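Numbering (our numbering), first residue to last: 3 to 119. Below is one structure, written out as structure tokens, with a few remarks after it.
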Amino acid sequence: MARPAQLTTEMEQEAMYLIKHAKTAKELRTGLSVLLPKQHGLTNAGTGESLGVSIATILRMQKEIRQRVDGTGRAKRKWGGRRRQLMTVEEEKRFLSHGWPKRKKAACLLCHDPQST
Numbered sequence: 003m004a005r006p007a008q009l010t011t012e013m014e015q016e017a018m019y020l021i022k023h024a025k026t027a028k029e030l031r032t033g034l035s036v037l038l039p040k041q042h043g044l045t046n047a048g049t050g051e052s053l054g055v056s057i058a059t060i061l062r063m064q065k066e067i068r069q070r071v072d073g074t075g076r077a078k079r080k081w082g083g084r085r086r087q088l089m090t091v092e093e094e095k096r097f098l099s100h101g102w103p104k105r106k107k108a109a110c111l112l113c114h115d116p117q118s119t
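Structure (structure tokens):
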């Protein structure tokens, strides 16, 4: 049998704050993942069933609140950025600056294969 989760009063307060200021259903569920077991004595399975998520998701949500209370949580990564670049930013600037004033008037930028020369 798994050990019961240690849900502290700080986690309960953070969960209440999260519920009051929730902007998404995920934030609401995250707060309820702590409050339902703490205040009403539900098991993780019962909490997951009432929220419509799996037990693993309940544990993940509780971990997120635990990390927020402890201050050990990492900031969520953004999807933006240069994922598939072939040149560094400096190389790209150098490439685009070469002959760019001539091409400003053109409708498109024509590039040649640098290995073919």
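In this text, a Cβ means the ideal position worked out from N, Cα and C, and glycines have one as well. In this text the structure is predicted, and so the values were computed from the model without any measurement.
Item                                                                                                                 : Value
Same chain only: Cβ atoms within 7 angstroms of I57, ignoring 5 sequence neighbours per side                         : N46, A47, G50
Range of the contiguous alpha helix (DSSP H) that encloses S56                                                       : Careful: S56 lies outside any alpha helix (DSSP H) and carries neither H nor E.
Buried or exposed (CB count within 10 angstroms, at least 16 for buried), T32                                        : buried
Rounded C-alpha distance that separates F97 from R76                                                                 : 36 angstroms
Other residues of its chain near I60: CB distance less than 8 angstroms, five sequence neighbours each side excluded : S35, N46, T49, G50, L53
Option in L37, V91, R84, R86 with minimal Cα separation from E12                                                     : L37
Same chain, Cβ closer than 6 angstroms to K22, neighbours up to 5 away in sequence not counted                       : none
Opening and closing residue of the alpha helix (DSSP H) in which Q8 lies                                             : First-last for Q8: undefined, no H or E at that position.
Buried versus exposed, by CB contacts within 10 Å (16 or more), E94                                                  : exposed
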